[in-house]
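Heads up, the thing below is written out as structure tokens.
Chains as they are written, first to last, in this note's numbering: chain A, 634 to 881; chain B, 634 to 881; chain C, 634 to 881; chain D, 634 to 881; chain E, 634 to 881; chain F, 634 to 881.
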């Protein structure tokens, strides 16, 4: 029957100060986490900083953008104080999702079938292995999910990718775009169930101001706080502050 | 006409202290209970502990995972104080849902028809009998339900499985994944109606913190409390505390 | 033109103390009433007690279960103080819905057409006549409605059954399963309109506790209270208590 | 161009005391009014009383039931103090909707097309003319609307029927069944727009009690109160009381 | 490139006292305005008064009814103090929408295609030109929109009609029927976007009474108040009163 | 690997005083921003002023209208104090969306396929290059999105257009029409995710008055305030005022 594995899971430091404390030392290494929230809540910024802090710790990071070209992305980044040209050159790779569709032989005009799911996972894993990437961000998986068309394939894609990345010890953030005005965790409702973790970014309206919030809803392999924190996007990176009690 | 059966139903101790009290002595043995809640509410933890406490009482437990590989699952478990390698070896079996699809001759690419429903029930019951399992957790049935496609087949699957397990005296928890932002008990709305019991896990936001809650909504064959409890996932297991009155 | 019938309708005592008072003496005999509510609100318990109290008054009762086998049902009943083996043997009949599908020649794999509606009504009426049943519970009609597929056929089924039962002086409770998180009376929205009465079971959260409630929303042929009552499921049967005013 | 018609429209007294005051003297004769509300709000009782009071004033009334047989309907009526056998015999006609479908040559198994709409209107008008009916109740039109399947045909049916009845000076109440838990006026959302008037029956929960309310939302050809009234169904008929201000 | 047109747009006085003030002098002449609200909020009354006040100022008005026959409409009008038979004879034309369908060669049984959109616009414009109408009311466009079936055609119809009417200096009110229980501006959500203005009629429940309200949500070519006003339908016409502050 | 681009992005001054402060100096040049809100919230006015202020700064602006003809648009503009005929003649171009459909060879009767997406982007970019436009407003993209029919094509259209405009240094506002009664950012829920920025216009009801609000929800490449501001549309242009704290 089953065997008991080592209890002390190795951690991947996000580098975002407060977040690592919330997670009692970082994301369990190899976990695939859904980074979810509506537009403007800071998903891309958190993802970028996760990659940059990895580079600072000597880990190669792969950032796959679905929407923006790599040029536009780096051009529109907040100019972080701690980001050096050398980091970008040596440790950070920006790629476009389309490159992976091509590598997987996926036709850009039609839906992705079960075979395509497997090829796409393989294409991503191959690139991760080739680059020896220890961190991966896909910003976002929502357009991929839309093309998978069935809940089954979405489950297969996320859990298959998650298994593949766990085997090569790569910790991943999958950005999920939630439409404004809803309180769901993901557009298809299944992405959250098959991920190892869910980090929820949100908005909090307070006296006319729209604050950003962060909450770790779920993280397999560690205990963690589930409290809601206020986050601030600054050139010194993402800053977390506890939500003042009784404030709402 | 009908005959009157013994009134004192035998109980299956969940081993979760507070929960057994709520149920006036545990789940009526042979019941199939829906364990339902949104992502991050502790469904997998409650399911695992149900299996582990069974092992501690000498009962074989079968844990069928739909999403994670058995390796990943055991790797990402909270390291319980009371879990010994011997328990895992002798009494706990982790299997993957895919194995049952294969045993039932179900094609992984298409929906499951009425014949498939019967084969799948049979495959699960056969494994339960072979392993002499007295406890079963399926984490989760949501992907199965999605592939059944009609409410009728979902009813047939759950009530058929429930009947089959009752005959071999196996007590089961069927995990159901509910999308965030809804207050339903199950994605298809019928799972709850055909189960013998419903244990609802939820979230309660209190001053910025996101607490986990547990509530026994329904349990056939016993009277029970229907109050909402706060639960805490610790390395000493799931802990229940009454929700302070007037707190909301 | 029309003729005036006797104003004093004969009553069928439910045997549930408070409920008969609410109804000013019981359900008008021959009425078909929808017994509706979400999972765990006590629909099956109220239905069983209606049958058992009938047996106690010497009336034969037929309980048609859609989900559970008769064995499982009697096995998981709350052990009522007033239920004797003799009652069960002489006056109570548990049957499975599937038997009626078979008698009506309805294929278990497809939807039920207009012809099937008529055959199913006939099969139920024939059994009621054969057993000389004065009380009928169908727990539940929701799976039947799902297979009828159109609102028209649901209307035809319920009003046809209702007419047929009225002719043989049989009083019926049709259990309707409503998904959690909604405040509807029936899944298809028409069941309530064609029934002679609607008894609504519900939940009321009060300081963390989940109480059960009962309310007679509609009852043709009698005036009645429409107030909401708290109900308690005990081994002495269903107990009703008025909802304390100002409590919500 | 257009000509100015007489300003003082003749009124049809409903006989329901408060309602005639609300309407400043009754429903403008020839108007077709939607009588709408969820199950149990008293639609049938108001409709019956409208017919009975007409009979009392010497006007023939036609009551078309869609669900119940005329026998069941008269059997389950509240025994009104003012209803005499002679009224029923001479002035009140209960018929079943099915008879009109037959007269119009409408197949009971399929949807009603544009031709069917015209035949059905004609069948109803012919019966109204034949019986010299001055009042008509159809309880309910919801099953008819379901079979019309398009908004266009629903519009055509209601406005066509309304025109036809206006020509023979017949005042009509069309009962519309709204599913519980919604605050709409009609299931298809167009019935209300093409009717000359809308009388809304509703529920008002007050300290655990479920009161019935009545509100005239719209009435062409007269000014009227739009306030909400509490109604009570008694053997002396429908009684209206103003909703106590500040009570909610 | 573009040229600057005269800033002082000519105004069309609605004749409704308060409304002209809200609009700083009336509707900019040639604008096509959506007059929207649920059933019973006074859309037809406002539309009629707009036409009648135009007649009083010597302008021909065309009122196209979709539901009622012209006879029924004039028969069920509130008897306005200021309406003279001469006005009706000389300056006001009531027509039925069906006449325009016929003129446009549109089959009454099927949906309206792009060609039909153009023919219908032409038919309306031709009649407006022929009658030299300076005011137009279509009560309502909702049944037209239903038959257009796509958002694209609804956009094309309203913006095409709006352009055509602007060219002949005709100011139009298009009545839009919104189902009760929603807070939308139009059933298809696009009518409001392509109109030059939106006047929203609504209900306001205050201590059991259902008041009517009016609000100018949008009006191209003028600044205007967007406050909510209480309206009263009287035989002296529509009266506006400011909503008492702090009243809600 | 990636290279670090210049941190100080050049800004495009909107000319709307408060808005440029909120954005810490204007919109990052080359960004494509969604300007979104329900009907009547001032989208067209903000878009026009953005173009006019550009003209005032010597930049050519292209305004593509989907609904109104250029004549109607200029005719119904608020007469701005700072708008001179020379600006309109030299620097501002009003065009109709239909012209671009024609240039792109898109059939006006059918949906737009992937090839059409590319042709439409090219047609817009070609015109922008030809006119040397530095500012673009499309009022609105909602009808385009409706004709794209799939989320995929909407993503491709907006991100493709955004990339093409960035290359020619053109800053764009894409107007998005949201139906009243919803709190979404865009009708299809994806427009917001692929845009570089989102400016949300809204309504705020305060004591019966309907105020307009503006909020920068997201803007790539700059930090910005996310507070909600009250806006006023005047002949001196759009004026912003902070929402008084505690006012709601």
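For every residue, glycine included, the Cβ atom is placed at its ideal position computed from N, Cα and C.
With the cut-off set at 9 Å, would you say residue i and residue j are in Cβ contact?
{"i": "residue 792/D", "j": "residue 730/D", "result": "no"}
{"i": "residue 834/F", "j": "residue 681/F", "result": "no"}
{"i": "residue 753/D", "j": "residue 790/D", "result": "yes"}
{"i": "residue 818/F", "j": "residue 814/A", "result": "yes"}
{"i": "residue 645/C", "j": "residue 664/C", "result": "yes"}
{"i": "residue 652/F", "j": "residue 856/E", "result": "no"}
{"i": "residue 758/B", "j": "residue 797/B", "result": "yes"}
{"i": "residue 840/E", "j": "residue 794/D", "result": "no"}
{"i": "residue 853/E", "j": "residue 677/F", "result": "yes"}
{"i": "residue 745/E", "j": "residue 782/E", "result": "yes"}
Residues in its own chain within less than 8 Å of residue i by CB, not counting five upstream and five downstream?
{"i": "residue 649/E", "result": "679, 682, 683, 686, 870, 871 and 873"}
{"i": "residue 689/A", "result": "648, 715 and 720"}
{"i": "residue 741/B", "result": "731 and 734"}
{"i": "residue 694/F", "result": "683, 684, 685, 687, 688, 724, 725, 726, 766, 767, 768, 769 and 770"}
Counting only the same chain and skipping the five closest in sequence on each side, list residues whose C-beta sits under 7 Å from that of residue i.
{"i": "residue 864/A", "result": "675, 845, 846, 847, 871, 872 and 873"}
{"i": "residue 713/C", "result": "685, 868 and 870"}
{"i": "residue 710/C", "result": "681"}
Report, in whole angstroms, the separation of the C-beta atoms of residue i and residue j, which I expect to be a contact under 8 Å.
{"i": "residue 767/A", "j": "residue 802/A", "result": "7 Å"}
{"i": "residue 756/A", "j": "residue 779/A", "result": "Between residue 779/A and residue 756/A the Cβ distance is about 18 Å, and since that is not below 8 Å, they are no contact."}
{"i": "residue 811/B", "j": "residue 673/B", "result": "Contact flag wrong, Cβ pair sits at about 11 Å."}
{"i": "residue 700/B", "j": "residue 727/B", "result": "The pair is not a contact, with the Cβ atoms about 12 Å apart (cut-off 8 Å)."}
{"i": "residue 851/B", "j": "residue 831/B", "result": "4 Å"}
{"i": "residue 747/F", "j": "residue 786/F", "result": "6 Å"}
For residue i, which three-state DSSP category applies?
{"i": "residue 809/B", "result": "strand"}
{"i": "residue 859/A", "result": "coil"}
{"i": "residue 656/D", "result": "coil"}
{"i": "residue 820/F", "result": "coil"}
{"i": "residue 685/E", "result": "helix"}
{"i": "residue 710/F", "result": "coil"}
{"i": "residue 804/C", "result": "strand"}
{"i": "residue 618/D", "result": "For residue 618/D there is no data in the structure shown, the boundaries of chain D being 634 and 881."}
Residues in its own chain within less than 6 Å of residue i by CB, not counting five upstream and five downstream?
{"i": "residue 643/B", "result": "662"}
{"i": "residue 807/B", "result": "667, 771 and 774"}
{"i": "residue 827/B", "result": "788, 791 and 792"}
Output yes if chain C places a C-beta closer than 9 Å to the C-beta of residue i; else output no.
{"i": "residue 681/D", "result": "no"}
{"i": "residue 870/B", "result": "no"}
Would residue i count as contacting chain B if we go by Cβ distances under 9 Å?
{"i": "residue 672/C", "result": "yes"}
Does any residue of chain F have a CB that is nearer than 9 Å to the CB of residue i?
{"i": "residue 852/A", "result": "no"}
{"i": "residue 775/E", "result": "no"}
{"i": "residue 642/E", "result": "yes"}
Is there a Cβ of chain A sitting closer than 9 Å to that of residue i, yes or no?
{"i": "residue 822/F", "result": "yes"}
{"i": "residue 732/B", "result": "no"}
For a cutoff of 9 Å on Cβ pairs, would you count residue i as touching chain E?
{"i": "residue 752/F", "result": "no"}
{"i": "residue 741/F", "result": "yes"}
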